[in-house]
Structure formats: C-alpha cells, structure tokens
Amino acid sequence: MTRIIQGVFGFQKKAFLEKEDLFQKLGKGQSPLALFITCSDSRINPNLLTQTEPGELFILRNAGNLIPPASTGPCGEEATVEYALVQLGIKDIFVCGHSKCGAIQGLVTQALGKESHGGPMPAVENWLKFAGPNHDIIKEKAAELGPDKLLTFAIEQNVLKQVIHLQTYPAVQNALGKNQLRIHPWVYRIDTGDVTAEDYERKEFLPLDKARRQKWAEQAHSQETVHHLTDVYI
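Under my numbering, the first residue of the sequence shown is numbered 952, with each subsequent residue one higher.
What follows is the structure, encoded as structure tokens:
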C-alpha cells in the first residue's frame, strides 16, 4: 500500500505538473482514439504498449479479455462498448490478448481435464464459458501441439471468438452496417514486446507490420447477421 500512495504523491509533484495543460484539457471532456479491450493482467499497460497519452484510449479490461455475447443479458462489457461507440464516436476497437494468459491457461486446463493449481475458483470457471476455443478443439490440437504452442493457439482463438461476440451487440452491428467501425484482433507477447494481428487474407496471426488489413468494410452488412471478423475488417 505504501508503494501505491507514494506513487500518487510522486505523480502529483512531478508527472501531473509536466502534463498540467493536458490534464486541464481532459478535465473538460474526452475524445479517445479507440476502445482497447484487453486482460486485467498486471503485466499489460495499454498506454505504454501503444505509446498513447491519457485521454487517447478508452480501456475495457477483465480476466481473459472476454466479451459475453448479447444473448447473456445486460453486462458491463456491452455497456462500455455501447458508450464508446454511441457517446464517444469511437471508430476503432482493439481486442488484445496476451501471452501466458492465466485465464486462457485455465480454459486449456479445463479442456484437458487436469487439476488447477490455483485452488477452487468457481467464478473464474463460470466466466470462462465465454472464452474460446471450445474443449473439443483444444483436445484435438493438444495431440499435435506442445503446451506452449497450444496455449498460444487458444489465446489467438479466444481473441477471434470475442470479436464474434462483439458483433452481437446492437451498437456494434449498427456501426458496422454504416461502415463506421474497424475491429483489430491483436495478441501481445509480454517477454518480447511483439504484437501479432490476424491477417485479413491468410486468416492467421502475423507480426503487426506484416498482417494485411482492410481499411473499411466493402459493403454495409445486415444488422440481423453476425459476421466473422474477416468479413468485416481487422
């Protein structure tokens, strides 16, 4: 606790003063560049990763960067997404998974029928029902992938599943239908700083500077249809 409190004092005495004009401006309102959806993992700092300033990212975080589909009923994730699109006019959403994700490791552990070393966590186990891929796919891939590659596969597939869940939200469907939204599936590797994104044409995760992306959807989409992300843009 002392470390946190000392940090606040340091912020007030130095960091705030250095950017006082920025904070004065932010005190009047916000106009973020993008919605950044990522995991609660303490090793991820979205502003540090993207080299953005306060006010430039609208951030949504939870265990496993999960987005429950609209069919599950009202939730904080949908409310945050809706506010970002409708009130703030955001036109880019980044869904960013990360290496060594404990939540997705839990999903893999569940799928393989192994015991968790974290003790009983019924809330976490229930939350993971929104994660992907499903247990059958994980079991199938386990036969051909080692533990590290299996986890990476599950992390990537989870990001893609959350993008599909995003497209069940009316606010997202409306923005996509008007060609006013881009969705970017990313995975961040903590130990190297590398970021991969799903390549639009090859449908696989490639280094960010090599992944091909569509700028905008080529045509408006029906609000009644949920599209795979590569039918929209990444």
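Using N, Cα and C, we set each Cβ at its ideal position, and we do this for glycine too.
These figures come from a predicted structure and were not determined experimentally.
- May I ask you to report which of helix, strand or coil DSSP gives T1023? helix
- Message: Under 8 Å, with one C-beta from each stretch per pair, do the region 1042-1060 and the region 1078-1085 reach the 3-pair mark?
- Response: yes
- Item | Any beta strand (DSSP E) of 3 or more consecutive residues that is wholly inside the region 982-1045 | 985-990, 1008-1013
- Item | C-alpha gap between L1039 and V1032, whole angstroms | 10 Å
- Query: Are G985 and K1042 closer than 9 Å when you measure CB to CB?
  - Reply: A small correction: the amino acid at residue 985 is Ala; Gly does not occupy that position in the sequence shown. Contact: yes.
- Message: Let me confirm a value: P1005 is counted as buried when at least 16 other C-beta atoms fall within 10 Å, else exposed. Which label applies?
- Response: exposed
- Item | Nearest residue (CA-CA) to T1143, options R1133, Q1131, P1158, Y1151 | P1158
- Task: Starting from the C-beta of V1186, find all residues in its chain whose C-beta is less than 6 Å away, skip the five residues before and the five after it, and write them out in chain order.
- Result: In this structure the chain extends from 952 to 1185, so residue 1186 is not present and cannot be described.
- Query: Can you name the start and end residues of the beta strand (DSSP E) that A937 belongs to?
  - Reply: Missing from the structure shown is residue 937; the chain here goes from 952 to 1185 and no further.
- Query: Where do the ends of the beta strand (DSSP E) carrying P1136 lie?
  - Reply: 1133-1139
- Query: For L1157, which of helix, strand or coil comes out of DSSP?
  - Reply: strand
- Query: Leaving out five residues before and five after L1011 in sequence, what residues of the same chain have Cβ atoms less than 6 Å from its Cβ?
  - Reply: I988, T1031
- Message: How far does the alpha helix (DSSP H) with T1060 in it extend, from its first residue to its last?
- Response: 1053-1062
- Return yes when the Cβ of V1059 is within less than 9 Å of the Cβ of L1008, no when it is not. no
- Item | Spatially closest choice to G1024 from Q1124, T1119, E1149, by CA coordinates | T1119
- Query: Among all the DSSP beta bridges, which residues are the ones paired with H1116?
  - Reply: Partner(s): none; H1116 has no beta bridge.
- Message: So, for E1076: in the same chain, excluding its five sequence neighbours on each side, which residues have a beta-carbon less than 8 Å away from its beta-carbon?
- Response: G1057, Q1061
- Message: So for D1182, helix, strand or coil by DSSP?
- Response: Confidence at D1182 is low in this model, with a pLDDT of 39, below 50, so its placement is unreliable and the value that follows should be read with caution. Three-state DSSP puts D1182 in a helix.
- Whole-angstrom Cβ separation of L1117 and I1044, contact assumed at under 8 Å? 7 Å
- D992 classed as buried or exposed, judged by whether at least 16 other C-beta atoms fall within 10 angstroms: buried
- Residues that DSSP places opposite G1048 in a beta bridge: V1138
- Exposure of V1138, with buried meaning 16 or more beta-carbon neighbours within 10 Å: buried
- Message: For I955, count the other beta carbons within 10 Å of its own beta carbon; 16 or more makes it buried, fewer makes it exposed. Which is it?
- Response: exposed
- Query: Taking the Cβ atom as the reference point for each residue, do G1015 and W1078 lie within a distance shorter than 9 Å?
  - Reply: yes
- Euclidean distance between Cα positions of G1097 and Q1124: 38 Å
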